[in-house]
Amino acid sequence: PPQPPPPAFFFLAEDGIRDSSSSRGLGDGYKRQVSYAGSNLAPDDAVGISFWIISVAMVAATAFFFLESLRVTGKFRTSLVVGGLICLVAGVHYFYMREVWASTGTSPTVFRYVDWIVTVPLQMVEFYLILAAVTAVSMGVFWRLLIGTVVMVVAGYMGEAGFINTTIGFVVGMAGWAYILYEIFSGEASKSAANAKPSVQSAFNTMKWIVTIGWAIYPLGYFLGYLAGGTDEATLNIVYNVADFINKIGFCLAIWAAATTEADA
Amino acid sequence: PPQPPPPAFFFLAEDGIRDSSSSRGLGDGYKRQVSYAGSNLAPDDAVGISFWIISVAMVAATAFFFLESLRVTGKFRTSLVVGGLICLVAGVHYFYMREVWASTGTSPTVFRYVDWIVTVPLQMVEFYLILAAVTAVSMGVFWRLLIGTVVMVVAGYMGEAGFINTTIGFVVGMAGWAYILYEIFSGEASKSAANAKPSVQSAFNTMKWIVTIGWAIYPLGYFLGYLAGGTDEATLNIVYNVADFINKIGFCLAIWAAATTEADA
Amino acid sequence: PPQPPPPAFFFLAEDGIRDSSSSRGLGDGYKRQVSYAGSNLAPDDAVGISFWIISVAMVAATAFFFLESLRVTGKFRTSLVVGGLICLVAGVHYFYMREVWASTGTSPTVFRYVDWIVTVPLQMVEFYLILAAVTAVSMGVFWRLLIGTVVMVVAGYMGEAGFINTTIGFVVGMAGWAYILYEIFSGEASKSAANAKPSVQSAFNTMKWIVTIGWAIYPLGYFLGYLAGGTDEATLNIVYNVADFINKIGFCLAIWAAATTEADA
Amino acid sequence: PPQPPPPAFFFLAEDGIRDSSSSRGLGDGYKRQVSYAGSNLAPDDAVGISFWIISVAMVAATAFFFLESLRVTGKFRTSLVVGGLICLVAGVHYFYMREVWASTGTSPTVFRYVDWIVTVPLQMVEFYLILAAVTAVSMGVFWRLLIGTVVMVVAGYMGEAGFINTTIGFVVGMAGWAYILYEIFSGEASKSAANAKPSVQSAFNTMKWIVTIGWAIYPLGYFLGYLAGGTDEATLNIVYNVADFINKIGFCLAIWAAATTEADA
Amino acid sequence: PPQPPPPAFFFLAEDGIRDSSSSRGLGDGYKRQVSYAGSNLAPDDAVGISFWIISVAMVAATAFFFLESLRVTGKFRTSLVVGGLICLVAGVHYFYMREVWASTGTSPTVFRYVDWIVTVPLQMVEFYLILAAVTAVSMGVFWRLLIGTVVMVVAGYMGEAGFINTTIGFVVGMAGWAYILYEIFSGEASKSAANAKPSVQSAFNTMKWIVTIGWAIYPLGYFLGYLAGGTDEATLNIVYNVADFINKIGFCLAIWAAATTEADA
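Structure (structure tokens):
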């Protein structure tokens, strides 16, 4: 892993600034710049620390799912590889998000959407893959879940970015989510799960409730931020970070538990 | 993944500029520079976002095809490894293209050609590999498809770069494409496919139509940009990005479906 | 591995500074900056050298555990993969910590906590995994050890960061540690270990004593630094670095010994 | 994949330069600097494009040979691993060479030699490895081919660098090459190849002719550049790049064809 | 692989410096800085070239031993994995050392010691591992060889860094080396080797003589540099680089030969 370059450091012979810590006469803006460059996280920067923990946890989770995929066979392996992809993509974006937060102190909203537009459909695909590994399940399940999530994320993004009316974006996004919930609670996916092995049923249940409870945080954040008069950015980012930790790593661990239970049996 | 270095930031003791966000007296050019350096994508920069999504998707697709190649055997494995190479090479170039777009706002045309000259012949090789995995197919198919694509891409590039007349470049490039279409619809490749297993036939069909419909976007862009009086760069880049997403990742997923269907059987 | 960029070097035509080694008229602060930028570690910088050794050792240990995981099967493989994750996460943070120490000369305390909050619970999980590989062990062991370590690290961090009273943080953290020690010396984990194969019993014992003796260094450092009037930062960092070397790499080597003994048998 | 840092960009409050594209009053030298920093390759920079294509192709070839090595067994695997090493080492150097060409416009001659001193002996080792995989072949073949190539490359380098007389360097280097050709056309290596399986004989033949015809380009470039009054740097670099493409990737593909033919049989 | 950033390049509107090659009025120091930044190695910089070759060779050797480890089983695999670790750690340090030499022109002595303190004990462990793969060998051999090397390297470092008297450091270090030689020529390790298979005996012999003859270069360098009135830094670094090439890559190739001979048998 390459070290980040040292803080760029400048001087004129006639000025007195020779050390990044003891410079005199500089505004706070400059000093903040230097301290971020040195990467020394402040102990009370809870948001920065939460970004840091989740970005590293995503790296570890990616390595975990990829390596563990090698000890299962057939379609279970595909489930674990896709689990690793979800954490890989989220990890890449969390490194960028961490950087945006550190250097600007503003919410990296666009990066969250770029992340979601890739990872959330992949999570839906996981419902199909884990069922396909143990039972016959139609491709219709795959496409309906995929399209439901794309509608959900794209509508949310277009509402946030101002391409469409904020409320319309919210309503359409919620409709996409509602459709997914229908599919996994009462639709064909749900029926296929009922015929699966206990380990897969257990994973399906955990995944189902994460999509229900865990994902509720995202429309809530959207509602509070855009429709209910704004919210505190620091709190919102911590909540999103914790939610992503559970909704991605926890979600994939449920799949891992089912896949390795079958492999070890 | 190393963090990009912080924006280089300079000052003289006597000037008042100490913070990248609150500087006074600077033109927009400088501010754009700084905002890109901080990597905070604007919510309404649809082209930038499409570059971002596809570059990350290519990384994920590369990991997917490489890891999944390990669960199939023999020549099917080579098909998946080459699928991973296509996404790897495209991914590398998309990172550079994203950077060119972000820092200059102009089309990264040369990088697109450098990408195509490597990935498009590899895609043609995939037709041969997927057939060779299940049936006897002559090396002539390999060489004719390879040469057809090289003619297509090199002629297009030479026309764009001004080494040859733009119209001649277009016509020769189209001839290369037409030859490929002949080979996969009516030539020896087509005949070999008719004898293949259903899973491979299905993949061959999907790949064939991607090369027909999906690839049509490239000569169209060339025609609009060089022969029909110019086009909107932002729209063109979004269309190219979406096309590459389907033409590369979708193309390789068809191969993956055939290879894993055989492996799981 | 990319080279770090050369030291950023600036001049005005009228000043006499043209070489990073022969500049005149600069304070020590600037010269230290330049020498770190050139990455030439001073021979008597024992703290810097200890950071360097452990960061490289963590990289090597990560590669070792990941590659060796491929030669064992089933749950033993998961144990080694998680061992690799511990070293991976620690390695990433040690590169950052090394950089903070090199560029500021201050303790990278926050990075230590970010590291611990990820790696210490993973180490506790290892007690569960190594037992689960050879015997039936309840999930209660898993959750109790996990929660014990999270309490220990979070309380310590909140005490250090000033979110709660320093003494309260210390006491709660110690209680978490005490609970872990109870679980592995007399609780259910201990009882499960008594039924395990000799190689696993031996690993469990080594791990148990590392958690008892080796981990004692962390509350000691906390006590000396916050409750007993401060301590020498240089000494403290060397001690922490050596402790982490044993507590992480040594800990995982005990697991490796058990896993490969079974695989080679 | 980290983005390259943005172009370093500097200003004084009193100068008018605020944008990398619209600066006034700067010489061409500065502007070239900035355009390279933005990495936007010019469409008519054929040399730069050839460096770009081959550097990316080497990355892809490295991944290809390493991944394909996993589907063959025994000594064939070693042949493919060494093939991957040749492309890995060449790829690393091509990235540096591309950078030298882009930033200075001069031939990266020293990097070519550093590359050759590692990769050319490895290519000779391949003759031994591919024979050893299917037949008994003496270690003498290994050592004679290795020493022949080291003599060839070191003499060429010493002549170019001026450590010895240019003509003497040329003559000694040619003698090393002649010796290799003798060994593979009429010597013990040739005789061992005559007893090998058809797939290996075919690979041996392709490799033999690449060493004869393909390698002729290097002494020719040396002769033209140093003994016949200089040559055009741009042309020379394109020719070297194309030659390296065939002499390395084509050479290793011949080995791959033999190894996988045996594995799939 | 990211490109190194372009040379940082600065100007004031009123000075005439706009191009890194045609600047006027700058001292050699600055020009050297710029030329290194452009990474264009001088043809007659034999030390720089030797650093370059060995750093790339270590990368290739690491990939080789890791990939080849996958085709052997059991303890032989551990031997090859550890061989890869030795080259990995050395490679990382050689990249730093190359950078130190390039940017300062001084010996990177501290980095050599940081490298040795990790890699030299690992090499001693290899004696134990290769014996343990084929015969019963006591853990005492492991610990005695490990401690002998740690004594050797730490004493040498403390003497060089001035923590202890230079002559005492030399004498204690030599004693550590003498003890290792005793163990492998006449001690228990030697006796265990006498019972091993021929391929392992052959590897053990090569490794033994590398430790005897090849390692002699290090105390010689220490003696010449500190006790005999100094030495030429350029020559010393070339000799160290060549010695490390043989003592690490050659050493591990001997292990590889034994391990694969058994695997292919």
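Going down the list, the sequences are from chains A, B, C, D and E. The opening residue of the first sequence carries number 196 in the working numbering; numbering runs sequentially from there. The opening residue of the second sequence carries number 196 in the working numbering; numbering runs sequentially from there. The opening residue of the third sequence carries number 196 in the working numbering; numbering runs sequentially from there. The opening residue of the fourth sequence carries number 196 in the working numbering; numbering runs sequentially from there. The opening residue of the fifth sequence carries number 196 in the working numbering; numbering runs sequentially from there. Every residue, glycine too, gets a C-beta built ideally from N, C-alpha and C.
Alpha-carbon spacing of D:Ala350 relative to D:Asn432, whole angstroms: To locate residue 350 of chain D, count along the fourth sequence from 1; it is residue 155. To locate residue 432 of chain D, count along the fourth sequence from 1; it is residue 237. Cα to Cα, D:Ala350 sits roughly 21 Å from D:Asn432.
Span separating the alpha-carbon of D:Lys443 from that of E:Ala258: Locating residue 443 of chain D in the fourth sequence gives position 248, counting from the first residue. Locating residue 258 of chain E in the fifth sequence gives position 63, counting from the first residue. Answer to the nearest angstrom: the Cα atoms are 18 Å apart.
Closer than 8 Å to chain D by CB, B:Ser387: Locating residue 387 of chain B in the second sequence gives position 192, counting from the first residue. So, not an interface residue.
Proximity below 8 Å, CB of E:Leu236 to CB of D:Val305: As a first step, residue 236 of chain E is located in the fifth sequence; it is residue number 41 there, counting from the start. As a first step, residue 305 of chain D is located in the fourth sequence; it is residue number 110 there, counting from the start. Contact flag set, yes.
Cβ contact (3+ pairs, closer than 8 Å) linking the stretch 242-256 of chain C and the stretch 273-291 of chain C: yes
Span separating the alpha-carbon of D:Val437 from that of D:Val395: Position 242 of the fourth sequence, counted from the first residue, corresponds to residue 437 of chain D. Position 200 of the fourth sequence, counted from the first residue, corresponds to residue 395 of chain D. Each residue's Cα considered, the two are about 26 Å apart.
C-beta contact flag for E:Arg293 and E:Phe337 at 8 Å: Residue numbering aside, residue 293 of chain E sits at position 98 when the fifth sequence is read from its first letter. Residue numbering aside, residue 337 of chain E sits at position 142 when the fifth sequence is read from its first letter. Contact flag unset, no.
Own chain, CB closer than 6 Å to B:Ala391, minus 5 neighbours either side, in chain order: Looking up residue 391 of chain B in the second sequence gives position 196. Cβ neighbours of B:Ala391 beyond the five flanking positions: Val329 and Thr330.
Rounded separation between D:Glu428 and E:Ala449 - CA only: As a working mapping, residue 428 of chain D is identified with position 233 in the fourth sequence. As a working mapping, residue 449 of chain E is identified with position 254 in the fifth sequence. Computed Cα separation, rounded: 43 Å.
Interface positions of the stretch 257-272 of chain E facing chain C (Cβ-Cβ less than 8 Å), listed along the chain: Phe261, Ser264, Leu265, Thr268, Gly269, Lys270 and Arg272
Neighbourhood of C:Trp451 by C-beta distance below 7 Å, restricted to the same chain and skipping five residues each side: For the purposes of this step, residue 451 of chain C is identified with residue 256 of the third sequence, where counting begins at 1. Contacts found: Phe260, Glu263, Leu275 and Gly278.
CB contact below 8 Å: C:Leu280 versus chain A: Sequence index remark: in the third sequence, residue 280 of chain C carries index 85 (1-based). It does: the Cβ of C:Leu280 has a partner Cβ on chain A nearer than 8 Å.
CB contact check: A:Leu415 to chain C, cutoff 8 Å: In the first sequence, residue 415 of chain A corresponds to position 220, counting from 1. Judged by the 8 Å Cβ criterion, A:Leu415 is not in contact with chain C.
Inter-residue spacing [alpha-carbon to alpha-carbon] between E:Tyr231 and D:Val309: Taking the first residue of the fifth sequence as position 1, residue 231 of chain E is located at position 36. Taking the first residue of the fourth sequence as position 1, residue 309 of chain D is located at position 114. Note that E:Tyr231 has pLDDT 39, beneath the 50 cutoff, so the model's placement of it is unreliable and the number below is only indicative. Each residue's alpha carbon lies about 16 Å from the other.
DSSP state of D:Gly279 mapped onto helix, strand, coil: Taking the fourth sequence and counting its residues from 1, the one referred to as residue 279 of chain D is at position 84. Of the three classes helix, strand and coil, the one that applies to D:Gly279 here is helix, per DSSP.
Assigned exposure category for C:Thr362 - 16 Cβ within 10 Å defines buried: In the third sequence, residue 362 of chain C corresponds to position 167, counting from 1. With fewer than 16 other Cβ atoms within 10 Å, it is exposed.
Short CB-CB distance (under 8 Å) between B:Ser217 and chain D: Taking the second sequence and counting its residues from 1, one reaches residue 217 of chain B at position 22. Model confidence at B:Ser217 stands at a pLDDT of 28, short of 50, so the residue's coordinates are unreliable; what they give is reported in the following sentence. Not one chain D Cβ lies under 8 Å of B:Ser217.
Proximity test, Cβ basis, 8 Å: D:Pro238 and chain B: What you label residue 238 of chain D is simply residue 43 of the fourth sequence in a count that begins at 1. Cβ-Cβ to chain B under 8 Å: yes for D:Pro238.
Assigned exposure category for E:Ile408 - 16 Cβ within 10 Å defines buried: Residue numbering aside, residue 408 of chain E sits at position 213 when the fifth sequence is read from its first letter. By the 10 Å Cβ count, E:Ile408 comes out exposed.
Inter-residue CB distance, A:Asp459 and C:Gly269 (contact presumed, cutoff 8 Å): Locating residue 459 of chain A in the first sequence gives position 264, counting from the first residue. Locating residue 269 of chain C in the third sequence gives position 74, counting from the first residue. The Cβ separation is near 5 Å, so the contact holds.
Neighbour flag for B:Pro199 against chain A, beta carbons, 8 Å: Taking the second sequence and counting its residues from 1, the one referred to as residue 199 of chain B is at position 4. Here B:Pro199 scores only 35 on pLDDT, less than 50, and its place in the model should not be relied on; the value that follows carries that caveat. B:Pro199 counts as touching chain A.
Chain-ordered chain C contacts of E:Gly357 [CB-CB under 9 Å]: Within the fifth sequence, the letter at position 162 stands for residue 357 of chain E. Per Cβ cutoff of 9 Å: Pro238 and Asp239.
Under 9 Å from the C-beta of B:Ile248: neighbouring residues of chain A: Locating residue 248 of chain B in the second sequence gives position 53, counting from the first residue. Residues of chain A passing the Cβ test: Val309, Ile312 and Val313.
Alpha-carbon spacing of B:Gly335 relative to B:Gly243, whole angstroms: Counted from its first residue, the second sequence places residue 335 of chain B at position 140. Counted from its first residue, the second sequence places residue 243 of chain B at position 48. Approximately 42 Å between the Cα atoms of the pair.
Residues of its chain near E:Leu324, where Cβ-Cβ distance is below 7 Å and the 5 sequence neighbours each way are ignored: Here residue 324 of chain E refers to the residue found at position 129 when the fifth sequence is read from its first residue. Result list for E:Leu324: Lys270, Thr273, Ser274 and Val277, in chain order.
Candidates C:Ala454, C:Pro316 and C:Met347: closest to C:Phe399 by CA position: Walking along the third sequence from the start, residue 399 of chain C turns up at place 204. Considering only alpha carbons, the answer is C:Ala454.
Three-state secondary structure (DSSP) of B:Arg266: Position 71 of the second sequence, counted from the first residue, corresponds to residue 266 of chain B. Coil.
Within the stretch 387-457 of chain E, ranges of the alpha helix (DSSP H) (whole runs, at least 4 residues): 393-407, 412-417 and 428-439
B:Thr273 (DSSP reduced to helix, strand or coil): Locating residue 273 of chain B in the second sequence gives position 78, counting from the first residue. It is helical.
Neighbourhood of A:Val348 by C-beta distance below 6 Å, restricted to the same chain and skipping five residues each side: Mapped onto the first sequence, residue 348 of chain A falls at position 153. Within the same chain, A:Val348 has close Cβ partners Trp311, Ile312 and Val315.
Pick from E:Ser397, E:Tyr417 and E:Met319 that is closest to E:Gly364, judged by C-alpha positions: Here residue 364 of chain E is taken as the residue at index 169 of the fifth sequence, counted from 1. Ranking the options by Cα distance to E:Gly364, first place goes to E:Tyr417.
For A:Phe358, three-class secondary structure by DSSP: Along the first sequence, one-based indexing puts residue 358 of chain A at 163. Coil, per DSSP.
Span separating the alpha-carbon of D:Val284 from that of D:Gly420: One-based indexing of the fourth sequence puts residue 284 of chain D at position 89. One-based indexing of the fourth sequence puts residue 420 of chain D at position 225. Spanning the two alpha carbons is a distance of roughly 25 Å.
Candidates C:Arg307, C:Gly371, C:Ser298 and C:Gly354: closest to C:Met319 by CA position: Indexing the third sequence from 1 puts residue 319 of chain C at position 124. When each option's Cα is compared against that of C:Met319, the closest is C:Gly371.
Rounded C-alpha distance that separates B:Phe380 from B:Leu415: Numbered from 1 along the second sequence, position 185 holds the residue referred to as residue 380 of chain B. Numbered from 1 along the second sequence, position 220 holds the residue referred to as residue 415 of chain B. B:Phe380 and B:Leu415: Cα-Cα distance of roughly 21 Å.
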